[in-house]
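All letters in the sequence shown, in the order written, are residues 61 to 195 by my numbering.
A virtual CB, placed ideally from N, CA and C, is assigned to each residue, including glycine.
Structure record follows, encoded as structure tokens.
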Amino acid sequence: MTQNARDTIQRYFDAFNAGDADAMLACLADDVAHHVNEGQLRNGKEKFAEFCAHMGRCYKEELTDMVIFADDSGTRAAAEYTVNGTYLQTDEGLPGANGQTYRLPAGSFFTLGGGRITRIVTYYNLADWMAQVSE
């Protein structure tokens with residue numbers, strides 16, 4: 061079970077790094093709960109797809125230094141990684157974008173069921189990101 065959870069999370073992040081939102085969605089349960097850092101809870105694949113489209117317009121990111129953890133039951137997992145990004149288009153309420161690059165540590169927590177991700181919680185230091193893109 062632990063390896064299945066790790067494999068699912070790895071597929072999800074491989075799809076993220078490839079910019080393949082459809083492959084990311086394939087890893088998710090239809091009623092996925094997506095808790096975004098400093099943002100609103102998004103429920104369901106449709107809301108997640110909208111989030112991915114928005115992120116793809118505003119940011120180009122690659123996740124490196126990935127370490128994935130899973131519990132023995134395969135129902136809970138976590139990942140720690142480094143976000144390497146470029147700020148492409150100004151995101152509402154944030155500093156103006158002009159191609160600034162950033163690098164920051166981040167992590168995600170997952171619940172899994174039926175071979176799919178049912179909950180995603182992502183954390184990073186928004187103040188660190190703001191300082192990097194405001195320089």
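| Query | Result |
| --- | --- |
| Below 8 Å, how does it come out for the segment 175 to 191 and the segment 90 to 109: are there three or more Cβ pairs, yes or no? | yes |
| State the Cα-Cα distance for the pair Thr68 and Ala89, rounded to the nearest angstrom. | 12 Å |
| Can you tell me which residues form a DSSP beta bridge with Arg163? | Asn144 |
| Which class does Leu151 belong to by DSSP, given the choice of helix, strand or coil? | As written in the sequence, residue 151 is Asp, which differs from the Leu given in the question. The answer is coil: DSSP assigns Asp151 none of H, G, I, E or B. |
| In the DSSP assignment, what are the bridge partners of Ser168? | Ala139 and Thr182 |
| Give me the Cα-Cα distance between Thr198 and Cys118, rounded to the nearest whole angstrom. | The structure shown does not extend to residue 198, since the chain spans only 61 to 195, so no value can be given for it. |
| Assign Gly145 to one of two classes, buried (16 or more other C-beta atoms within 10 Å of its C-beta) or exposed (fewer than that). | buried |
| Under the three-state reduction of DSSP, which class applies to Glu110: helix, strand or coil? | helix |
| Here's the rule I'm using: 16 or more other beta-carbon atoms within 10 Å means buried, otherwise exposed. How should Met84 be labelled? | buried |
| Name the one or two DSSP bridge partners that Ala130 has. | Ala137 |
| In the DSSP assignment, the alpha helix (DSSP H) including Asp80 goes from what residue to what residue? | Element bounds for Asp80: n/a, residue is neither H nor E. |
| State the CB to CB distance for the pair Gly173 and Ala138, rounded to an integer number of angstroms; the pair is presumed to be in contact (CB under 8 Å). | That pair is no contact at about 16 Å. |
| Whose C-beta lies closer than 7 Å to the C-beta of Lys120 among residues of the same chain, with five residues either side of it excluded? | Gly145, Thr146 and Leu148 |
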